[in-house]
Each structure stands twice: as structure tokens, then as C-alpha cells.
Amino acid sequence: LKALQAEHMLPHLRAGAPSVALSKGLGAVKGLFDRDAPEHWRRAAIKGQPANLNKHGFGGGQTSIDDFLPPKGDAGPDKNLQSPSQ
Numbered sequence: 098l099k100a101l102q103a104e105h106m107l108p109h110l111r112a113g114a115p116s117v118a119l120s121k122g123l124g125a126v127k128g129l130f131d132r133d134a135p136e137h138w139r140r141a142a143i144k145g146q147p148a149n150l151n152k153h154g155f156g157g158g159q160t161s162i163d164d165f166l167p168p169k170g171d172a173g174p175d176k177n178l179q180s181p182s183q
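Residue numbers for the sequence shown follow our numbering, so the first one is 98 and each next one is one higher.
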């Protein structure tokens, strides 16, 4: 990890570009995993599963926002909010 940081991240950190350093560091880690990770870590190794298990990306998007909204017609107080007197 130290060599990876020195090679891919440190030059960008010294140049004052931390976001580029992080991006390059993560790319290098991904490259190591792509090259050296055990086969059972790979999605393609899961029999019967599509290679792209999460088509929506890291952000999710698989659960409807409606599942998080209060039921319609429920105009009562939010039970999760505390009143100032508490």
C-alpha cells in the first residue's frame, strides 16, 4: 500500500490536488484487485447471476422514494422529531 501511495498519490498531493490523488489511488487499488483478487471475489464467479448485479451504481436507486415517505393522509406530528421542551 505504501508503494501504491508513493507512486500514484503522493505526486498529486504534493501538487495540491487531493481529489486527483484519491482518484488515482483508488484506480490503482482497483487495478490490483482486478489483477490479483481471488476468483471467488469476482461477480462473474457467481453462477446464475448477471455480471452487473447493481445496474444503478453505488447510489442505489432500487428502492422507490415512496417507501420512505409517510403514508398519505397522515398529517399528524412527526414522531421522530423532539419538541423543544424535551
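Backbone N, C-alpha and C define an ideal beta-carbon position, used for all residues, glycine too.
Residue i versus residue j - alpha carbon distance
i	j	result
Leu123	Lys169	44 Å
Ala134	Gly128	10 Å
Phe165	Leu107	42 Å
His105	Arg139	24 Å
Asp131	Leu98	16 Å
Ile162	Arg111	42 Å
Pro167	Gly113	46 Å
Pick from the options that is closest to residue i, judged by C-alpha positions
i	options	result
Ala100	Pro115, Ala125, Trp138 and Ala134	Ala125
Gln102	Ala118, Phe165 and Ile162	Ala118
Beta-carbon proximity of residue i to residue j, cut-off 8 Å
i	j	result
Lys121	His137	no
Neighbour flag for residue i against chain C, beta carbons, 8 Å
i	result
Gln102	The structure shown has no chain C; it contains just one protein chain.
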